[in-house]
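Residue numbers (this note's numbering): 127 to 251.
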């Protein structure tokens, strides 16, 4: 079964790049640029992993991560957080994310991270 990835970033070039790289790697990709939309898409699309930017135009990505981890339907979904701010520190993990990747990142690195978190999926109880 093909794995599904939700990408959330307010930079259309990042979204396009992620979509190309992940689609080429065999994933089905849905994208959105607003945090408000991210929660709705996560519920409807039921992704196997989420790539989420910290600094969105409408909300802090950490708040979206917290919201997703509180919700019964989405708490099991691995969240890979990305940001151009490389100095966020280890407290970035306090919002419930599984991995932090600073921008810019190599395509191969992001694909390997997605593969790691979608291969050993935690299934909700």
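Glycine is no exception: its CB is placed at the ideal position from the N, C-alpha and C atoms.
No experiment lies behind these values; they were computed from the predicted model shown.
Item: Keeping to the same chain, check which residues put their C-beta closer than 7 Å to that of residue 244; ignore five residues upstream and five downstream.; Value: 129, 174 and 175
Item: Three-state secondary structure (DSSP) at residue 158?; Value: strand
Item: Can you tell me the Cα-Cα spacing of residue 183 and residue 241, whole angstroms?; Value: 28 Å
Item: Using the C-alpha atoms, what's the distance from residue 131 back to residue 199?; Value: 16 Å
Item: Using only CA atoms, which one of 148, 179 and 197 lies nearest to residue 159?; Value: 179
Item: Helix, strand or coil, according to DSSP, for residue 257 in the structure here?; Value: The structure shown has nothing for residue 257, since the chain only spans 127 to 251.
Item: Output the residue ranges of the beta strand (DSSP E) runs that lie fully inside the stretch 208-238 and measure 3 residues or longer, sorted by chain position.; Value: 225-228
Item: Could you please give me the residues that DSSP links to residue 176 through a beta bridge?; Value: 132 and 205
Item: Would you kindly work out how many angstroms separate the C-alpha atoms of residue 164 and residue 217, rounded to a whole number?; Value: 22 Å
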